[in-house]
Amino acid sequence: MSRLPYLTTRLQGFGTTIFAEMTALANQHGAVNLGQGFPDFEGPAEVKEAAIEAMRAGHNQYCPGHGIPALRAAIAEHQKRFYDLDYDPEREVTVFTGATEAIASSLLAVCEAGDEVVLFEPFYDSYRAAVAMAGASPRVIPLRDPDFSYDPALLDLSIGPKTRVLVLNSPHNPTGKVFSKAELEHIARLCIEHDVLVLSDEVYEHLTFGEPHVPIATLPGMKDRTITISSAGKTFSFTGWKIGWACAGEDVTRAIRTSHQFVTFCNGTPFQHAIAHALRMGDDFFEGFRGEYQVRRDKLCAGLRDVGFTVLEPAGTYFACVDIRTLGFDDDRTLCRLLPEKVGVAAIPNSAFYLDPRRGNHLVRFAFCKTDPVLDEGIARLRKNIGNLKASA
Ligand code: PMP
Ligand code: GLN
Numbered sequence: 002m003s004r005l006p007y008l009t010t011r012l013q014g015f016g017t018t019i020f021a022e023m024t025a026l027a028n029q030h031g032a033v034n035l036g037q038g039f040p041d042f043e044g045p046a047e048v049k050e051a052a053i054e055a056m057r058a059g060h061n062q063y064c065p066g067h068g069i070p071a072l073r074a075a076i077a078e079h080q081k082r083f084y085d086l087d088y089d090p091e092r093e094v095t096v097f098t099g100a101t102e103a104i105a106s107s108l109l110a111v112c113e114a115g116d117e118v119v120l121f122e123p124f125y126d127s128y129r130a131a132v133a134m135a136g137a138s139p140r141v142i143p144l145r146d147p148d149f150s151y152d153p154a155l156l157d158l159s160i161g162p163k164t165r166v167l168v169l170n171s172p173h174n175p176t177g178k179v180f181s182k183a184e185l186e187h188i189a190r191l192c193i194e195h196d197v198l199v200l201s202d203e204v205y206e207h208l209t210f211g212e213p214h215v216p217i218a219t220l221p222g223m224k225d226r227t228i229t230i231s232s233a234g235k236t237f238s239f240t241g242w243k244i245g246w247a248c249a250g251e252d253v254t255r256a257i258r259t260s261h262q263f264v265t266f267c268n269g270t271p272f273q274h275a276i277a278h279a280l281r282m283g284d285d286f287f288e289g290f291r292g293e294y295q296v297r298r299d300k301l302c303a304g305l306r307d308v309g310f311t312v313l314e315p316a317g318t319y320f321a322c323v324d325i326r327t328l329g330f331d332d333d334r335t336l337c338r339l340l341p342e343k344v345g346v347a348a349i350p351n352s353a354f355y356l357d358p359r360r361g362n363h364l365v366r367f368a369f370c371k372t373d374p375v376l377d378e379g380i381a382r383l384r385k386n387i388g389n390l391k392a393s394a
């Protein structure tokens, strides 16, 4: 691959994100965008009104760097209400510019150059870039399809004196895997044994379709070594507001606030007021949210199966992965680059989430954070047009 001028060695090869590339292709061809994970519907009206109200009330200047007190209090209440976790909003809760900045600022804060960061592969694309920006190296543990389990012996061998952080993402993007209690206990035991921090990306915490979400911070000995990250983008369907947060022990919080203040300092003052309101909505909101997504998941999975794909049904998130080999395709990128034009649908090639793309090039991810007519149209186009592609691919 050619070297990009000006770009530091640490970021050579990262190119444009797969989400930007596939959304641009979807727009160019008028395709139904089942690629990038953003809802095509609005979040709760009362939350939007709370943001407008906050702007009208003059909350339009910088806020405290670690977040407005009302939002930090609401985040702490949310962790107590859903998981019985106690965080001090003054000293243990920090607001960031989305989960993305929380991840990057956290890794920048805690990694020394040369440290190793353990990632389960496939991994959300920003992890590897953030590890690189921090001057650390990734160490990957494959999640093996179709059940996306990992080899416990390999994890045992991969955590050692050079390991600084293990990144956990459950529910997991792109696979939809929800880590089992036994897996979380294994990970926790190793991290305690080797004094490793856990960065736990829980942005899909309210999107599980079977067992409820278990934050790894609830396991004995884990709260003070875990940075639990979440975001308003997924739970309240306002991905453009970029309000995220991290809960961590006091010492870790002090560290991550140090980098955060020089990365963005603060973000989205009126939106912070609105999300403080959102986090306090009743159980009916959270139950309705999960229920609606379960219906969308079932619709998309049934549709994809009907088209002929092998569907790896997700236990959480708003993504479903399919094995494309059952339809005779063998390269996810080739397929995803043709889909928008030839079929009228956009999806994400899973190899973008692998250190070695060959390990994931038989999988493609479809998003179901879309309204019924859009899901119906996407499925109908796939059913009608996928044959064109078999002929031309
Ligand atoms: N982590 C995961 C696993 C994601 O899927 C995403 C994308 N929503 C993010 C982090 C980034 O979240 P945000 O938009 O809040 O930065
Ligand atoms: N998290 C979204 C996804 O997985 C994409 C966010 C982005 O475009 N960076 O599709």
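For the sequence shown, position 271 (counting from the first letter as 1) is numbered 272 according to the numbering used here, and the numbering increases by one without interruption.
Glycine included, C-beta positions come from ideal geometry on N, C-alpha and C.
Here the structure is a predicted model, which is why all the values come from computation and not from measurement.
Those residues which DSSP pairs with residue i across a bridge
i	result
D202	N170 and I230
R145	S150
C248	V94 and T229
S413	Because the chain in this structure spans residues 2 to 394, residue 413 falls outside the shown range and cannot be described.
T209	G317
D324	T311 and L364
E122	P143
T372	None, per the DSSP bridge assignment.
A347	N34
T164	E117
Residue of the options minimising C-alpha distance to residue i
i	options	result
A25	G16, F15 and G36	G36
Y128	I160, T236 and A100	A100
G317	D284, D157, E212 and E122	E212
D116	V197, Q62 and N362	V197
L156	Y125, T18 and A189	A189
L390	L313, P315, R359 and V308	V308
S150	L313, G283, P216 and Q295	L313
A275	G66, S238, D146 and C370	S238
H79	Q295, A277 and N28	A277
G31	E378, G136 and I387	E378
F263	L12, D299, S107 and I193	S107
R145	P221, R360 and R326	R360
P221	A52, P6, D202 and E194	E194
P143	R291, F124 and M134	F124
T229	E251, D333, L12 and E203	E203
P65	P90, T327, S181 and T311	P90
I19	G345, V344, R334 and D373	R334
Distance between beta carbons of residue j and residue i, contact taken as under 8 Å
i	j	result
D324	L364	6 Å
L185	I160	Incorrect: roughly 15 Å between the Cβ atoms, too far for contact.
F354	L305	The Cβ separation is near 19 Å, so there is no contact.
V199	T227	5 Å
V166	V118	5 Å
Tell me which residues pass a beta-carbon proximity test against the ligand GLN: closer than 6 Å to any heavy atom, given in chain order.
A residue is listed when its beta-carbon falls short of 6 Å from at least one non-hydrogen atom of the ligand GLN; in chain order these are T18, F20, Q37, G38 and N174.
Does the region 201-209 come close enough to the region 159-174 to have 3 or more Cβ pairs within less than 8 Å?
yes
Measuring CB atoms only, is the region 85-102 touching the region 237-245, in the sense that at least three cross pairs come out at less than 8 Å?
yes
Flag this pair as touching only if the region 28-43 and the region 267-274 have three or more C-beta atom pairs under 8 Å; answer yes or no.
no
Check whether the region 340-353 and the region 373-389 touch, using three or more Cβ-Cβ pairs below 8 Å as the test.
yes
Any chance the region 74-91 sits against the region 257-266, with 3 or more Cβ pairs inside 8 Å?
no
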